[in-house]
Amino acid sequence: MQNKINRFLLDFSVLSIFRRGSKNIFIFFVFTLLIFLLSSILFISNSIKSELDTTLNELPDITVQRLQAGRAINMPLSRVDRLLAIEGVKAVIPRVWGYYYFANAGVNFSVVGIDSFEDQYRDLYSKLCDKFDFDRLKKDSGMLVGVGVKKILQNSFYGDYFNFVKPDGGLTKIKIDGVFKGDTKLESNDIILLTSQKAREIFGMNKNEAVDFVVKVANPTEIPNIARKITTLYPDSRVVTKEDLSISYQNLFDYKSGLFLALFVISAFTFFMIIYDKASGISSDEKREIGILKAVGWKIDDILKEKFYEAFILSFASFVTALCLSLFYVYFLNAPLLKNIFIGYSTLKPAFDLPFAFDFQTNAIIFFLTVPIYIAATIIPSWRVASMDADEVMR
Amino acid sequence: MIELKNVTKEFKIGAKDKVTALKDINLHVGKGETVLLKGPSGSGKSTILSLIAALNKPTSGEVIVDGKRVSKLADNFTALFRRENIGFIFQRYNLIPTLSAKENVIVPLIPSNPDPIKLEKRLQELFSSFSLDSKMGVIVKNLSGGEQQRVAIMRSLINNPTIIIADEPTANLDKKLSLEFIEILRKLKSSENSIVIASHDPLFFDLDFIDRQIDIQNGEIQCY
Amino acid sequence: MLLTPEIITILTLDFIFIFFGLIAFVISIKIVKSWDLNSTSQAQYKLEKQSFLVSTIIKYIFIVKLPLFLFFIFTADKLSDIITGAMCGAGVVNSVSFGSSMFFYKILNLYIFGFWLVLNNYDLKKENQPYTKYKFWLYIFGFIFLLTEVYLEIDFFLSLDVSKLVSCCGTLFSAASKSSISFIYNIDKIYFVYIFYAVFLFLLLGFMLKNSIAILLGNISFVFISIISLIMFFGTYIYQLPTHHCPFCMLQKDYYYIGYVLYVTLYIGTFYGVSGAIMSILEKRKEKFYYNVSMIFNTIYTLIISAYPIVYFIKNGVWL
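For the record, the sequence lines run as chains W, C and E. Sequential numbering of the first sequence, starting at 312, is according to my numbering. Sequential numbering of the second sequence, starting at 20, is according to my numbering. Sequential numbering of the third sequence, starting at 5, is according to my numbering.
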């Protein structure tokens, strides 16, 4: 099977595509648009997925909340010691955090209270504590804010401080000590870091309460066991492990992109019909051309090969163009409109950039769902053309 | 060289009706011979040409070229046979209008993926013998009628054919171009080539280099 | 049922294969029944034209199937992230009882469809088209195998369950497991090494003597012994772990995707060997081109796979 690529045939095919310009431009345009949509959706979902993966990795092994009437309420700090007594538990960290609605800009900030370096449960915060002086933060009761927060505050003319409105209507003025940029933008863009004491003050929380506990476990394989023990100890608690979250996120995303893909497959088949139709309609010029080719010694196979080259060049060009367009659209323009499909709450949160996540797998999916389908649609029309009686040209 | 034995060709029209285009034709064209098939349009001249070139198969009878029964060959081999032996000159040139002169001429060789260096040499030879060297890269539809005609002839010669077939070559030409064509044809005649022309153009009727004229009426040979 | 983008992609292409495969199947049956090259009837003329549609469809299926097979393995590997307990594709594939037979059909079809194209190529080179009926018979069986493969594949995707606990490859490829091949774990693995090199030498001998039967049998045995010895012996050197027998993990990045290189060379080598040998028998002359390609790739496979234990021995001074 010596299938050398025939450069002359390739040239001929390219010229052939241009010869039937208007028809092919239409196909190229529709096909590129279709691939563009598909690849943009997959790129966005990939990007958010990789963002979440990073976040999930930093998540605590176990999070414990307290439920009352099915809603999460604050945890009394008195429970810490009994949880620490469970074998295998390395640390229990009470967290003070919550959302602060900034009515002026119509966005939510995540306010996170931190205590000291030793207590930190997330790499990001410990890194920040390293970089910024925690003692200073404590001394002048200031705060660190994410880039997104800083931008929004500036727009509302808060240059170096911010007035929080407490539940009782009083104001708490807090100085901005610094601005940080996290590894993952989705997560840390809207964060305000300050001392737990100040956080309690803003939220109007009791001194001996926390929002939830984070439990660190020495041996990861013990996580399910310990989770079970906690539920037995405090039946009113909801225990969430890192793995639970990871699987449910993964499923959610596969489901969302799967749903989209199912829609895509339907439109791809519609497209299949369009191509089939377009390729079947042979003009008299084209008929005569095939007649000439056959008369001068082209085999059916040669014509089929030429048609295959045409289909491949056209679809592959669409594929590459669409891929470049959607790379630009997703990672440079930040995917306006389409992004919202995946992040329902995006209007409530400060804007974020999609991180660059480009993998072989996604491109293979896009390729397999487009180029072979296009070529398949041209098989029968091409064969019809190629097996036409050659003596037409003589009549 | 070329032999038609008891060839009958019928064309189906619709489901039942058929038209007999050729009736029991026997014809022999020798090596180096130039033959003119004449007769009104619709008499079956073009059908004979398409049978010789194996573009079509006879309903009964045999077509033998160079000892090969081309009427029995499968598509793959009829195409190869044409590629190796036949040079075709069509009515109205039948060039691909948006390709350049050079691209049109190499069309018959494309499937065999020729060696680019040898091909270039052959093209130079051909184009200079037809004094079109300067027009190689020009898109065919921008060439004059006479130039297009020469391109069509070059295309039929690129594969060094042993049989040249011309189907109503002067049908759409003015007198000057027709005479030009006849001069080219005269030069092509050699002891190696057989030439078969189908035409009802009176210009062909008394040419010295045409060895035989065959009159065809209603699918039958009138006089040998 | 999992609705991941990968699965949707594979199912969509399966649908296209079946659709076109069916058209080709119907034409093949007509051709097998009434092909007569000597006839000048319209019916025969039509069949001749339709035979080109069949070969185009088969070419299409084969060309798409080759990369899709690699994509399938890739997908199985990726699914192992989601499916509890599976560490690599082996766990995922074996989470259903017919996983390995599905794989067998997938590989078998790659050989059949590839060989069809070889046969087609020879057939169209001769004026009397001597292999026409053979090749359409071959396709009729090929299509049935294709249907079986697609059926198993759909069933496979339907039975995948995120919440079901599956075995990781460590337990699948061990003497304790009850899988069909586990009995061979009780045989001393050094025998497989002997057999592997013996078959390779047999191939080499067949190649030097240009004996078609020897090359045919040699290549078929080479496929099986290569895979078995890879699981039993050579794989452990790729992983540098005497208990790790998985034929899938070597496809992962941690082992520099060496699995893809090994399987592709093995496929090319044995495919050319088997096709060349069959064609030599049919044509009654030696198909040297096929033999050469086959021998080159089989040798490359043998050299790569032998390098692992040898390098290990040189570095560590002991065998695993």
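Beta carbons: idealized from backbone N, C-alpha and C, even for Gly.
What does the Cβ neighbour count give for residue i, buried or exposed, with the cut at 16 atoms within 10 Å?
i      : result
W:K461 : buried
W:M312 : Legend: pLDDT at W:M312 = 38, less than 50; position of this residue unreliable, value from coordinates given subsequently. It is exposed - the Cβ of W:M312 has fewer than 16 other Cβ atoms within 10 Å.
W:E398 : exposed
W:R377 : buried
C:L114 : buried
E:K129 : exposed
E:D192 : exposed
C:M259 : No statement about residue 259 of chain C is possible, as the shown extent of chain C runs from 20 to 243 and does not include it.
W:D471 : exposed
W:F707 : The structure shown does not extend to residue 707 of chain W, since chain W is modelled only from 312 through 706, so no value can be given for it.
W:P661 : Unreliable positioning characterises W:P661 in this predicted model, as indicated by a pLDDT of 48, which lies under 50. The coordinate reading is nonetheless provided below. W:P661 should be labelled buried.
W:S594 : exposed
Please list the partners that residue i has in chain E, where partner means a Cβ-to-Cβ separation under 7 Å.
i      : result
W:S698 : K53, F56
C:K76  : T44
W:L569 : What sits at residue 569 of chain W in the sequence shown is Gly, not Leu. Within 7 Å Cβ-Cβ: L7, T8, P9, I12.
Rounding to the nearest angstrom, what Cα-Cα distance links residue i and residue j in this structure?
i      : j      : result
W:L321 : W:R330 : 14 Å
W:N419 : W:L482 : 18 Å
C:P59  : C:S210 : 30 Å
E:Y295 : C:L151 : 49 Å
E:F301 : E:N223 : 12 Å
C:K206 : C:S148 : 11 Å
E:I11  : E:T79  : 8 Å
E:I14  : E:F76  : 8 Å
E:T136 : E:F66  : 19 Å
E:F275 : E:Y261 : 22 Å
E:W203 : E:G280 : Checking the sequence, you will find Val at residue 203 of chain E rather than Trp. Distance between the alpha carbons of E:V203 and E:G280 is about 18 Å.
C:V82  : C:H47  : 10 Å
W:N474 : W:F468 : 12 Å
W:K610 : E:L142 : 24 Å
W:R695 : C:L198 : 40 Å
Can you pull the chain E neighbours of residue i, defined as C-beta to C-beta under 8 Å?
i     : result
C:L92 : E131
C:F96 : E131
Closest by CA to residue i, which one among the options?
i      : options                        : result
W:D426 : W:T343, W:I316, W:N536, W:A521 : W:A521
C:T78  : E:S43, E:G222, E:Y143          : E:S43
C:L138 : C:V124, C:S150, C:L56          : C:V124
W:S350 : W:F319, W:L572, W:L326         : W:L572
E:K69  : E:V30, E:I31, E:L51, E:G25     : E:G25
W:V576 : W:L680, W:K449, W:S594, W:G480 : W:L680
E:S55  : E:K82, E:L74, E:K34, E:I158    : E:K34
W:T673 : W:Y685, W:L448, W:S637         : W:S637
C:F228 : C:I240, C:S218, C:D220, C:L204 : C:L204
W:V528 : W:K618, W:V341, W:L370         : W:L370
W:M386 : W:R393, W:L395, W:A396, W:V375 : W:V375
W:Y587 : W:A697, W:K449, W:A687, W:S361 : W:A687
Identify the contact partners of residue i in chain W, using a Cβ-Cβ distance below 7 Å as the criterion.
i     : result
E:F24 : A687, I690
E:T16 : V576, L680
E:F75 : A675, F679
E:V1  : No information on residue 1 of chain E is available, as it lies outside the stretch 5 to 324 that chain E covers here.
For residue i, return the contacting residues in chain C, with the cut-off set at a CB-CB distance below 8 Å.
i      : result
W:F623 : By Cβ distance, chain C contributes nothing, its closest Cβ being about 17 Å from W:F623, past 8 Å.
E:L221 : By Cβ distance, chain C contributes nothing, its closest Cβ being about 34 Å from E:L221, past 8 Å.
W:I611 : D94, N95, A98
Name the chain C residues whose beta carbon is nearer than 7 Å to that of residue i?
i      : result
E:L162 : Residues of chain C passing the Cβ test: none, with the nearest at roughly 44 Å.
E:L123 : Simply none; closest approach about 15 Å.
Between residue i and residue j, which are expected to be in contact by the criterion C-beta below 8 Å, what is the C-beta distance as a whole number of angstroms?
i      : j      : result
W:G608 : C:A98  : 5 Å
W:I513 : W:Y411 : 7 Å
W:I346 : W:S629 : 6 Å
E:L57  : E:I22  : Their Cβ separation, rounded to whole angstroms, is 16 Å, which puts E:L57 and E:I22 out of contact at 8 Å.
E:F200 : E:I229 : 5 Å
Does the distance between the C-beta of residue i and the nearest non-hydrogen atom of the ligand HEM fall short of 7 Å?
i      : result
C:E103 : Absent from the structure shown: the ligand HEM. Ligands present: none.
Note down, in chain order, every chain W residue with its Cβ under 8 Å from the Cβ of residue i.
i      : result
C:V126 : F323, I603, L604, V607
E:I365 : Residue 365 of chain E is absent from the model: chain E starts at 5 and stops at 324.
Counting only C-beta atoms, is residue i closer than 8 Å to chain D at any point?
i      : result
C:R169 : In the displayed structure, chain D is absent; the protein chains listed are W, C and E.
Which residues in chain C have a C-beta closer than 9 Å to the C-beta of residue i? List them in chain order.
i     : result
E:L41 : K91, A93
Taking C-beta pairs closer than 9 Å, name the residues in chain E that residue i reaches, listed in chain order.
i      : result
W:I359 : Those within 9 Å of W:I359 in chain E number zero; the least Cβ separation is about 14 Å.
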